[in-house]
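S.K.:
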Amino acid sequence: MIERIPQATAKRLPLYYRTLQHLYSLGKNRISSSEFSQSVQIDSATIRRDLSYLGALGKKGYGYDVGHLINFLRGFLNQDEVTEVILIGVGNLGTALLNYNFHKNNNTRIIRAYDIDEAKIGKKIADTPIYHLDDLLNGDNKHIPAAILTVPASAAQIVADKLVLTGIRGILNFTPVRLSLPDHILIHHIDLSVELQSMVYLLKNYPLNPLDKGGE
Ligand code: ATP
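Residue numbering for the sequence shown follows the working numbering, beginning at 24 and increasing consecutively.
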């Protein structure tokens with residue numbers, strides 16, 4: 024079903040879900056479309072269009088029922104099913120992600136990590152075991168849809184090529200390297216240094232409100 028809605032919409036739905044969960048935890052049961060728009064920083068016409076693809080429409084003059092929308096999105100995003108992912112590269116960032124392990128987003132778990140540093144192999148971080156990269160292709164990973172890549176830039180492409188052999192379909196790439204992989208692999212690139220740098224640049228150059236000046 025999710026393939027049939029526009030990709031841009033599919034990318035925004037988890038943000039809606041997470042924001043609504045947060046609002047609900049603050050005791051909010053009902054939200055106007057303009058309040059919701061402000062919370063997610065997306066204009067209300069786009070939100071309305073996104074939700075209309077799912078058949079979830081707010082009522083005019085009422086806005087959205089938060090609990091109802093959460094339930095709806097939970098079903099749609101398959102939040103009741105746990106998705107297991109793996110992580111490669113247990114350095115500073117990899118360790119932080121293992122400790123974080125998406126607790127608040129209860130449908131995704133890092134179940135195994137891989138590294139080549141013998142000092143780390145066999146250890147656990149936040150209950151997640153660390154294996155040698157040589158064990159990546161041993162069969163256990165056939166059902167794993169995605170991997171998080173936090174190796175140094177110099178190892179990124181070679182490790183990504185190996186990941187493809189496991190049958191993985193998505194890579195969350197935290198390295199600065201633009202990976203070159205077969206078309207069927209979905210790559211989401213998160214370069215934290217670039218994000219921070221570009222934000223600092225916008226703050227310096229458009230001190231009043233970067234987003235109003237076409238910052239996004
Ligand atoms: P970070 O970049 O996360 O701050 P760091 O500076 O501690 O980490 P890096 O040199 O970036 O360390 O390496 C990150 C991790 O990736 C380390 O644990 C390192 O052992 C591991 N690593 C390096 N090469 C590979 C590889 N080819 N396959 C798997 N893991 C690797």
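Using N, Cα and C, we set each Cβ at its ideal position, and we do this for glycine too.
State the DSSP-derived secondary structure class of leucine 172, mapped to helix, strand or coil.
M.R.: Leucine 172: strand per DSSP, three-state reduction.
S.K.: Can you give me the Cβ contacts of glycine 162 inside the same chain, cut-off strictly under 7 Å, excluding the 5 residues immediately before and after it?
M.R.: So the list is empty, once near-sequence residues are dropped.
S.K.: Just to confirm, does aspartate 138 get its C-beta within under 6 Å of one of the non-hydrogen atoms of the ligand ATP?
M.R.: Yes, since a heavy atom of the ligand ATP falls inside the 6 Å radius drawn around the Cβ of aspartate 138.
S.K.: Closest to threonine 118 by C-alpha separation, out of Asp150, Ile210, Val63, Ala31, would be which residue?
M.R.: Per the Cα distances, Asp150.
S.K.: Could you give the distance in angstroms between the alpha-carbon of isoleucine 70 and the alpha-carbon of asparagine 52?
M.R.: Distance between the alpha carbons of isoleucine 70 and asparagine 52: 18 Å.
S.K.: Apart from the five residues on each side of it in sequence, which residues of its chain come closer than 6 Å, Cβ to Cβ, to alanine 139?
M.R.: The sequence as given places isoleucine at residue 139; alanine does not occur at that position. Around isoleucine 139: Leu156.
S.K.: Can you list, in chain order, the residues of its chain with a C-beta nearer than 6 Å to that of leucine 215? Leave out the 5 residues immediately preceding and following it.
M.R.: If we look at leucine 215 and ignore the five residues flanking it on each side, it has no Cβ neighbours.
S.K.: What is the rounded straight-line gap between the Cα of asparagine 228 and the Cα of serine 221?
M.R.: One C-alpha to the other measures close to 10 Å.
S.K.: Taking the straight line between their C-alpha atoms, what separation do you get for leucine 36 and leucine 159?
M.R.: Distance between the alpha carbons of leucine 36 and leucine 159 is about 32 Å.
S.K.: Below 6 Å, is the gap between the Cβ of valine 113 and the nearest heavy atom of the ligand ATP?
M.R.: Checking every heavy atom of the ligand ATP against the Cβ of valine 113, one is found closer than 6 Å.
S.K.: Note down the Cα distance separating isoleucine 208 from leucine 74, rounded to an integer number of angstroms.
M.R.: Rounded to whole angstroms, isoleucine 208 to leucine 74 spans 27 Å at the Cα level.
S.K.: Under three-state DSSP, which class holds lysine 146?
M.R.: Coil.
S.K.: Evaluate contact between the stretch 161-175 and the stretch 184-191, counting only Cβ atoms and requiring at least three cross-stretch pairs below 8 Å.
M.R.: Yes, the stretch 161-175 touches the stretch 184-191.
S.K.: What three-state label does DSSP hand glutamate 107 in the structure shown?
M.R.: Looking at glutamate 107 - three-state DSSP - the assignment turns out to be strand.
S.K.: Alpha carbon to alpha carbon, how far is phenylalanine 197 from leucine 96? Give it in angstroms, no decimals.
M.R.: So the two alpha carbons sit approximately 27 Å from each other.
S.K.: Out of Gly112, His126, Leu172, which one is the CA nearest neighbour of lysine 143?
M.R.: Per the Cα distances, Gly112.
S.K.: Determine the direct distance from the alpha carbon of leucine 204 to that of valine 182, and round the result to whole angstroms.
M.R.: Spanning the two alpha carbons is a distance of roughly 11 Å.
S.K.: Assuming leucine 100 and leucine 43 form a contact by the criterion Cβ under 8 Å, report the distance between their Cβ atoms to the nearest whole angstrom.
M.R.: 11 Å between Cβ atoms; not a contact.
S.K.: What is the DSSP secondary structure of leucine 209, counted as helix, strand or coil?
M.R.: Of the three classes helix, strand and coil, the one that applies to leucine 209 here is strand, per DSSP.
S.K.: Out of curiosity, what's the CA-to-CA distance linking asparagine 130 and leucine 121?
M.R.: Taking the straight line from one Cα to the other gives about 15 Å.
S.K.: Taking all protein chains shown into account, decide if alanine 176 is buried (16 or more other Cβ within 10 angstroms of its Cβ) or exposed.
M.R.: Counting Cβ neighbours within 10 Å, alanine 176 comes out exposed, since fewer than 16 surround it.
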